[in-house]
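Remarks on the structure that follows.
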Amino acid sequence: MRKFVHTTDVNFINVETKYIFVTGGVASSLGKGIISSSLACLLKARGMRVTIQKFDPYLNIDPGTLNPYEHGECYVTEDGHEADLDLGHYERFTNVHTSKANNVTTGRIYQSVIDKERRGDYLGKTVQIVPHITDEIKRNVKYLGNTGNYDYIITEIGGTVGDIESLPFLEAVRQLRWELGHCSICIHLTYVPYIAAAKELKTKPTQHSVKALQEVGIQPDILILRTEHDISTEMRRKIALFCNVEPDCVIQSKDVNSIYKVPLMMHAQHLDQIVLRKTNMNAEGEPHMEPWLKFIEKMDNAAETVTIGLVGKYVELQDAYKSIDEALFHAATYADHKVNIVYIHSEKIDQSNVAEKLAGMDGVIIAPGFGQRGIEGKFAALKWCRENDIPTFGICLGMQCMVIEFARNVLGLKEANSTEMNPHTKENVIDLMEEQKNISNLGGTMRLGAYDCHLRAGSKAAEAYGSQDIRERHRHRYEFNNDYRSRFEQAGMLCVGENPKAHLVEIVEMPSKRWFIGTQYHPEYSSTVLSPSPIFGSFIKAVIDFHEEKVKQEKLSK
Ligand code: GLN
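So, in structure tokens, the structure goes:
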């Protein structure tokens, strides 16, 4: 039953939750996540309550156990779910927190169905992909909608139409579209290649991909075409005709210089109005995009560039440090600067070349990570940064490395290490948390999600946040060993952030330096366009000051 209420508004408002399915065809990596995020951003700017969820057709329960080489960065939600990096885009574009419910994999669906089968919930029936797996998918798709907290649920189906893995998800979407009627639409994203030799854009792959979708019983309502060149009105008409889509519902997504311009590009082609119209909602008026536009204006007008070296072991991968890249970009943009991130392979740095590798950096980030590989390079980088007073930010493993390097070279504890790298080290300045000692499963068992942190008054960290009580997200097993705390404090590395309940050290800081801070948590996960991370903001300010200082000195010496 559909419910409609009559408001004082001119239109009837449909109060049921609306479901938007986003599928992809032709190729992967077309930016379904960015399109979903952009649409959510526009709907949110129209006062709608929106969330985005991603269904990933792989068998891992979550991406937490995946190597970044497989799947890029692992994103962490407030409630401690290790999630696909697209959830990072969702949060950055909408400023709305996601949760475990926003990212479901085939593995989780099967695990839940198999658990039910073992419990006897299926009452002796044969358990099958249709209807049991598809029902479980549908239940998960509707889970957030049923909370009553959202007007729109955007569901991104990972993978590409035609993959064997995505079939149960598409079958669930087909059934849901049938059940939900006007409360659901499907947006299909495809690619329109440009054949340089013929100087022509080609629509055939799009037609084939829509056909593949129709074969599984799904008719897209809106087509979004990723392209490097403008698609003519005539060509759009042709696509509309072949694909049973209205001509104004064929929208192009041409490459732009920033992902944050995609919402504006979608709005210029009325994507938000079309979605509202097609789901029986009031499509009048304009989205309130002023704060977003201000950000874009700052981005376009930033003239000066600062250079930041990011020392990590996954530097050859585009998406391995996605949230850090974005958090740096948000911070720099608000400080009216461009940021140039130079990725430096931690395995390729040592004492002999560190000065050369880090020369010219206005600031350095020591990246998060796991395991021994590349760790010595991080120590070499940190020693050089500390001795040369370069603004330095250590995140998670980066913070742990700050502690180890300081212990070795300032406290003189030559054997200082983390028990992650050497379980038998005598100087276990970084050690396993008590509650981690008996854990044998690797998946989902770290210290995950948001925890409170109390900051010391007068510290740079407290000044950055403008508050002494914060909450940030974690993803680690090892911790600063409190037995060493007073030795660090006496020698000038202060433990200025602490978990109020467990007394775990969350931030170390050297007040004698320009900016030398390590956070056990990952502040990058909570940085969004409209709510940038304060600690990244403080770091960037120090980076800019240092850059300007160097420019001044250079001028004087000329
Ligand atoms: N490997 C470290 C730990 O488990 C740090 C993890 C990280 O950098 N995310 O504690």
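Residue numbers (our numbering): 3 to 560.
Glycine is no exception: its CB is placed at the ideal position from the N, C-alpha and C atoms.
As the structure is a computational prediction, the values presented were derived from the model and not from experiment.
Per-residue DSSP class, three states only, for residue i
i	result
Ala270	helix
Thr149	helix
Ala85	strand
His476	strand
Lys280	helix
Ile351	coil
Asn443	coil
Leu532	coil
Gln221	coil
Leu319	coil
Lys557	helix
Val143	helix
Phe244	helix
Asp391	coil
Thr374	First, the residue type needs correcting, since residue 374 is Gln and not Thr in the sequence shown. The answer is coil: DSSP assigns Gln374 none of H, G, I, E or B.
Cys497	strand
Tyr565	Missing from the structure shown is residue 565; the chain here goes from 3 to 560 and no further.
Gly74	coil
Asn342	strand
Asp117	helix
Leu172	helix
Met3	Confidence is the limiting factor: at Met3 the pLDDT is only 39, short of 50, which leaves the residue's position unreliable, though a coordinate-based value still follows. DSSP places Met3 in coil when its eight states are reduced to three.
Asn104	helix
Exposure label - residue i; buried when at least 16 CB within 10 Å
i	result
Thr9	The predicted position of Thr9 is uncertain, since its pLDDT is 39 and thus under 50; no value can be drawn from it.
Gln555	exposed
Gln320	exposed
Asn259	exposed
Lys1	Any property of residue 1 remains undetermined from this structure, which presents the chain solely from 3 to 560.
Arg120	exposed
Ile116	exposed
Tyr196	exposed
Thr394	buried
Phe14	The pLDDT assigned to Phe14 is 40, lower than 50, so where the model puts this residue is not dependable; a value taken from the coordinates is nonetheless given after this. Exposed: under 16 other Cβ atoms inside 10 Å.
Asp123	exposed
Ile573	There is simply no residue 573 to check, as the chain begins at 3 and stops at 560 in what is shown.
Lys503	exposed
His91	buried
Contact belief for residue i with residue j at Cβ below 8 Å, rounded distance in angstroms
i	j	result
Thr53	Leu182	With a Cβ gap of about 16 Å, Thr53 and Leu182 do not count as contacting.
Pro65	Asp86	6 Å
Val308	Ile537	So it is not a contact: roughly 16 Å between Cβ atoms.
Ile298	Lys263	6 Å
Leu413	Arg475	Not confirmed; about 30 Å, so no contact.
Gly35	His190	Actually they do not touch by this definition, with Cβ atoms about 15 Å apart.
Short CB-CB distance (under 7 Å) between residue i and chain B
i	result
Arg110	Chain labels in this structure do not include chain B; a single protein chain is all it has.
CA-to-CA distance, residue j to residue i, given in whole angstroms
i	j	result
Arg375	Lys315	7 Å
Thr19	Ile156	10 Å
Lys296	Gly287	20 Å
Asn151	Arg477	28 Å
His549	Gly365	9 Å
Gln470	Lys350	39 Å
Ile542	Gly468	16 Å
His73	Ser31	12 Å
Gly164	Glu551	56 Å
Gln177	Pro170	11 Å
His184	Asp338	44 Å
Arg487	Ile346	31 Å
Gly451	Glu378	28 Å
Ile220	Ala285	25 Å
Ala42	Met50	9 Å
Asn628	Ser540	This structure gives no information on residue 628, because the portion of the chain shown stretches from 3 to 560.
Thr128	Glu138	15 Å
Tyr453	Arg479	14 Å
Arg238	Pro249	6 Å
Ile159	Met301	31 Å
Ala334	Ile343	11 Å
Asn148	Arg141	10 Å
Span of the alpha helix (DSSP H), counted from its first residue to its last, around residue i
i	result
Val405	Leu399 to Asn411
Asn303	Glu292 to Asn303
Asp327	Lys324 to Tyr336
Residue i: first and last residue of the uninterrupted beta strand (DSSP E) it sits in
i	result
Tyr193	Ser186 to Tyr193
Arg449	Arg449 to Leu457
Glu288	It is not in any beta strand (DSSP E) - Glu288 carries neither H nor E in the DSSP assignment.
Val366	Gly365 to Ile368
Lys256	Val252 to Lys256
Asn419	Ala418 to Ser420
Asn563	Since the first and last residues shown for the chain are 3 and 560, residue 563 lies out of range.
Lys56	Val52 to Asp58
Tyr21	Lys20 to Gly26
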